[in-house]
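Below is one structure, written out as structure tokens; the observations come after it.
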Ligand SMILES: Cc1ncc(COP(=O)(O)O)c(C=O)c1O
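Protein chains in written order, with the working numbering: chain A, 107 to 267; chain B, 326 to 744.
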């Protein structure tokens, strides 16, 4: 059984309460909408690329604490980094959430490793991944994405009753 | 002196002794993350008591064969147990005849049967079907498929802020094109008990047949299909202490006989040639292929178990739980109940200010408490209340007041984490 309270750590609660980079960006060069149709959560990610460097980034939307904190920490982390570095983080974050990453091995996640707890909560993995998924879509100029989209590695139906 | 009890009767004291009932449910002894399981997701699926588990075991170890097919001992035993179970279900809902009870795979399957068997034959272009805002997706989507295929139209009964159907509006929806009404007995998302008797009478006065989705009523209230006079009544075994993969469609014999079959295959025919196939009589006309025999027999044992306790007593205990939980939640700042109908059954949907339902659900799980969070397959209800999702605790007769206390304490600790 997961130590869930470990997931709701102070860092996550803090980013949920006071999300960083929350709002819109006037001069966005890339943006995308992300949806999780299973719970109705949605968020938008806007960013401005200066050459290869992420010059500015913002997000907003309606979501659970895990999703909002993940978005907040994501924007804080990738701001100022290159697109290639951000793509590496996207991959590593997804791998971590799906238990495919050895956290003791070499990676670049740093404080983002607080989200490792979702590995043990299959229904919450998508909440943590959605912002990253949306960032990836924004880079690739896909206007809208969904956790249920065909190319989603997490694609799997859940829910009844 | 030794008291011998029949296998299928719960050990009951004269008053409602919830601890003795709980002893019949092995799963309730489970620990989740070191905490005793508090199972409050009964609207999604209920748990199975020992007599039903034992019945399945006995069937599987001593009675299994295919039904209606062979002259050998096991086939005859399985057939007669299967048909005996049909009669138990007939009694449970007080149907006139056992042939009015069709085994389906569940409520969804039962509603689809009516859509294909009745709707596709008798509903055409320009005809209107009345549904309600409260419906589960399983009583919306099949009718949308039919409407699209036939060019028929769906009219929707609205609800008020308490989650009650606006009956005046329902009555105004009728016109000469109205051909069918589909309405749930009890709302899975809000717990509202709908005035289905009145709605059925009103429709019948205009010659319109009515399907009742009883998925959330059959487990919680005494159901009498003759008193209701509904044309169809659908429910699922797995919400009724029975197995998954089995459900019931009750239909009035006269209507079932006029309907076309839903699925074609073995058992639903009397004779087959490539020139002409003659369909079997009801209920077999609607039971193509090998049915879930064990599950059907298990469901028979489940309704025996429930009937021995008494659906009236079950409803009364669950109302006590609901009233107590409602009172407690109403006294909590920052928690709002969604669905405040005057008549409710066993469901408490709520919102915790500033906390997303998924976070509520995950944190309650930490305390061993199982609730459902999400849209409850009732997105039109969510849209009406302008929420994407709710948290829902749903009770069964084996839940205790102490479990309600655990829920309340759990919600408080969620609030504390997010304070
Ligand atoms: C009111 C209602 N109708 C229909 C269903 C569908 O039942 P099933 O999934 O067993 O077919 C459910 C529960 O899932 C329900 O609560």
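In this text, a Cβ means the ideal position worked out from N, Cα and C, and glycines have one as well.
Contacting residues, own chain, Cβ-Cβ under 6 Å from residue 334 (chain B) (five flanking each side not counted):
With a pLDDT of 47 at residue 334 (chain B), under the threshold of 50, the predicted position of this residue should be treated as unreliable, though the coordinate-derived value follows. The answer, listed in chain order, is 633.
Starting from the Cα of residue 557 (chain B), find the closest Cα among B:420, B:344, B:375 and give me that residue.
The option with the nearest alpha carbon to residue 557 (chain B) is B:420.
Beta-carbon of residue 587 (chain B) versus every beta-carbon of chain A: anything under 8 Å?
Not one beta carbon of chain A lies nearer than 8 Å to the beta carbon of residue 587 (chain B).
With a threshold of 8 Å on Cβ separation, who are the neighbours of residue 547 (chain B) within its own chain once the five nearest residues in sequence on each side are excluded?
For residue 547 (chain B), where only same-chain residues beyond five positions count, the Cβ hits under 8 Å are 636, 637, 640.
Unbroken alpha helix (DSSP H) run spanning residue 642 (chain B), endpoints
In this chain, the alpha helix (DSSP H) harbouring residue 642 (chain B) covers 636–655.
Take residue 655 (chain B) and list the residues in its own chain whose beta-carbon comes closer than 8 Å to its own, dropping the five residues that flank it on each side.
Shown here for residue 655 (chain B): same chain residues with a beta carbon closer than 8 Å to its own, the five before and five after excluded, namely 662 in chain order.
Is the CB of residue 227 (chain A) under 8 Å away from at least one CB in chain B?
Yes, residue 227 (chain A) lies at the interface with chain B (some Cβ there is under 8 Å from its Cβ).
The stretch 217–234 of chain A in contact with the stretch 170–177 of chain A per 3-pair CB rule at 8 Å:
Taking a cut-off of 8 Å for Cβ pairs, the stretch 217–234 of chain A and the stretch 170–177 of chain A touch, as three or more such pairs fall below it.
Between which two residues does the alpha helix (DSSP H) carrying residue 160 (chain A) extend?
Looking at the DSSP string, residue 160 (chain A) is not in any alpha helix (DSSP H); the run it does join, the beta strand (DSSP E), is 159–168.
What does residue 169 (chain A) touch in chain B if you count any residue whose Cβ is under 8 Å from its own?
Within 8 Å Cβ-Cβ: 681.
Any idea what DSSP makes of residue 609 (chain B), helix, strand or coil?
Looking at residue 609 (chain B) - three-state DSSP - the assignment turns out to be helix.
Nonlocal neighbours in the same chain, by C-beta distance under 6 Å from residue 304 (chain B), ignoring five residues either side
Past the edges of chain B, shown from 326 to 744, lies residue 304 (chain B), and the structure says nothing about it.
Per the DSSP calculation, residue 602 (chain B) is bridged to which residue(s)?
Assignment of beta-bridge partners to residue 602 (chain B) by DSSP yields B:597.
Closer than 7 Å by C-beta to residue 168 (chain A): which residues in its own chain qualify, once you throw out the five before and the five after it? Chain order, please.
Excluding residues within five positions, the ones whose Cβ falls inside 7 Å are 147, 148.
Within 8 Å (strictly less), CB to CB, does residue 699 (chain B) reach chain A?
Put simply, the CB of residue 699 (chain B) is near chain A, with a gap under 8 Å to one of its CB atoms.
For a test of your reading of the model: does the CB of residue 750 (chain B) fall under 7 Å from any non-hydrogen atom of ligand 1? Yes or no.
Chain B is shown only over 326 to 744; residue 750 (chain B) falls outside these bounds and no answer can be derived.
To be precise: take each residue of the stretch 146–157 of chain A, compare its Cβ to all Cβ atoms of chain B, and keep it if any distance is under 8 Å. Which residues remain?
From the stretch 146–157 of chain A, only 146, 147 have a Cβ closer than 8 Å to chain B.
Does the stretch 354–364 of chain B come close enough to the stretch 603–617 of chain B to have 3 or more Cβ pairs within less than 8 Å?
With a cut-off of 8 Å, the stretch 603–617 of chain B and the stretch 354–364 of chain B do not count as touching, because too few Cβ pairs lie within range.
In this structure, does DSSP put residue 575 (chain B) in helix, strand or coil?
Strand, per DSSP.
Below-8 Å beta-carbon distance, residue 720 (chain B) vs any chain A residue:
With a threshold of 8 Å between beta carbons, residue 720 (chain B) makes no contact with chain A.
8 Å Cβ cutoff met for residue 572 (chain B) and residue 552 (chain B)
No; because the gap between Cβ atoms is not below 8 Å, this pair is not in contact.
Helix, strand or coil at residue 815 (chain B) according to DSSP, with G and I counted as helix:
Residue coverage of chain B in this structure runs from 326 to 744, which leaves residue 815 (chain B) outside it and unanswerable.
Looking at chain B, which residues of the stretch 122–139 of chain A have a Cβ within less than 9 Å of any of its Cβ atoms?
Within the stretch 122–139 of chain A, the qualifying residues are 122, 123.
Run through the stretch 327–402 of chain B for me and flag every whole alpha helix (DSSP H) of 4 or more residues, listed as ranges in chain order.
As for any alpha helix (DSSP H) of minimum length 4 sitting wholly inside the stretch 327–402 of chain B, the runs are 343–347, 375–387, ordered along the chain.
Mark residue 115 (chain A) as exposed unless 16 or more other C-beta atoms lie within 10 angstroms of its C-beta, in which case mark it buried.
Exposed, because fewer than 16 other Cβ atoms sit within 10 Å of the Cβ of residue 115 (chain A).
Within 8 Å (strictly less), CB to CB, does residue 172 (chain A) reach chain B?
With a threshold of 8 Å between beta carbons, residue 172 (chain A) makes contact with chain B.
Would you say residue 230 (chain A) lies against chain B (beta-carbon separation less than 8 Å)?
Answer yes: the Cβ-Cβ gap between residue 230 (chain A) and chain B drops below 8 Å somewhere.
From residue 247 (chain A) to residue 570 (chain B), what distance separates their C-alpha atoms?
If I take the Cα positions, the gap works out to 44 Å.
Could you confirm whether any beta carbon from chain B is found closer than 8 Å to the beta carbon of residue 261 (chain A)?
With a pLDDT of only 41 at residue 261 (chain A), under the threshold of 50, the placement of this residue in the model should not be trusted; the figure read from the coordinates follows. False, the Cβ-Cβ gap to chain B never drops below 8 Å.
Unbroken alpha helix (DSSP H) run spanning residue 278 (chain B), endpoints
Residue coverage of chain B in this structure runs from 326 to 744, which leaves residue 278 (chain B) outside it and unanswerable.
List, in order along the chain, the chain A residues whose C-beta lies closer than 9 Å to that of residue 743 (chain B)?
Those are 114, 119, 122, 123, 171, listed as they occur along chain A.
In whole angstroms, give me the CA-to-CA distance for residue 423 (chain B) and residue 359 (chain B).
Each residue's Cα considered, the two are about 47 Å apart.
Could you tell me which chain A residues have their CB closer than 8 Å to the CB of residue 713 (chain B), listed as they occur along the chain?
Result: 145, 146, 147, 168.
Chain A contact residues for residue 684 (chain B), given Cβ-Cβ distances below 8 Å:
The CB of residue 684 (chain B) comes closer than 8 Å to the CB of 114, 170, 171, 172 in chain A, given here in chain order.
In three-state DSSP terms, what is residue 455 (chain B)?
Strand, per DSSP.
By DSSP's criteria, residue 537 (chain B) is part of a beta bridge. Which residues make up the other side?
For residue 537 (chain B), which the question treats as bridged, DSSP gives the partners B:508, B:558.
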